[in-house]
Each structure stands twice: as structure tokens, then as C-alpha cells.
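Notes for the one structure printed next.
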Amino acid sequence: MKLWWSANLYWFTLIAYLNVFLFSYRYDDGSYINPFVVVFLLIAVCVMIGEFQFAWYMWVAQKTYKPRKKKHQNSESVLL
């Protein structure tokens with residue numbers, strides 16, 4: 026689990042670095058990258074890292090994900 030937490034710290038610092046780097050990057054002509062593209066890219070990276078970290082956590086903790094079953098009422102037990 027310590028490795029998993031270390032990876033979380035690594036991903037957090039990587040995203041912070043990308044945030045600073047991409048928002049302050051200038052082309053040769055002095056223009057910046059479109060902020061919409063930067064935000065979209067950062068959201069996509071965060072989603073992919075989140076999915077990976079969730080799957081890795083489930084594997085490391087040896088847990089299985091089981092969706093909850095919906096409770097159904099029997100039509101016979103309902104009195105009108």
C-alpha cells in the first residue's frame with residue numbers, strides 16, 4: 026500500500042507540473058496555448074490516472090467491486 030500512496034503523490038506532482046507548464050508555455054511568436062485545450066487535456070489525464078489508481082487499489086487491497094442489488098417489493102406483499 027505504501028507504493029500505492031507513493032504513486033498518488035507522484036501523479037499529483039506530475040499534474041501540478043503539467044498545470045504550471047502548460048498554462049505558462051509560450052510559442053516562438055509569443056502566443057499561449059488555448060486554455061480550453063489545456064483544461065480538456067488535464068481533465069482527460071486526471072480521469073485516466075483516477076481509473077488506473079482505482080483499479081490498482083482494488084488489486085492491491087484484494088477487493089472486488091460488486092454493484093448493489095436493487096430491493097424489489099413483491100407485488101403480493103403490498104396491500105392497497
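In our numbering, each number is its position in the sequence shown, counted from 1, plus 25. For each residue, glycine too, the CB sits at the ideal point set by N, CA and C.
The region 27 to 44 contacting the region 59 to 77, beta-carbon criterion three pairs below 8 Å = Output reads yes: the region 59 to 77 touches the region 27 to 44.
query = Would Tyr50 pass as a contact of Ile58 if the rule is Cβ separation under 8 Å?
reply = yes
Residue interval of the alpha helix (DSSP H) (run including Leu44) = The amino acid at residue 44 is misidentified as Leu; the sequence shows Asn. Lys27 to Ser49 is the span of the alpha helix (DSSP H), which, as asked, contains Asn44.
request  = Measure the C-alpha to C-alpha separation of Ala86 and Phe79 and round it to an integer number of angstroms.
outcome  = 10 Å
key: CB contact flag (Trp29, Trp81, <8 Å)   = yes
task = With DSSP collapsed to three states, give me the class of Tyr52.
result = coil
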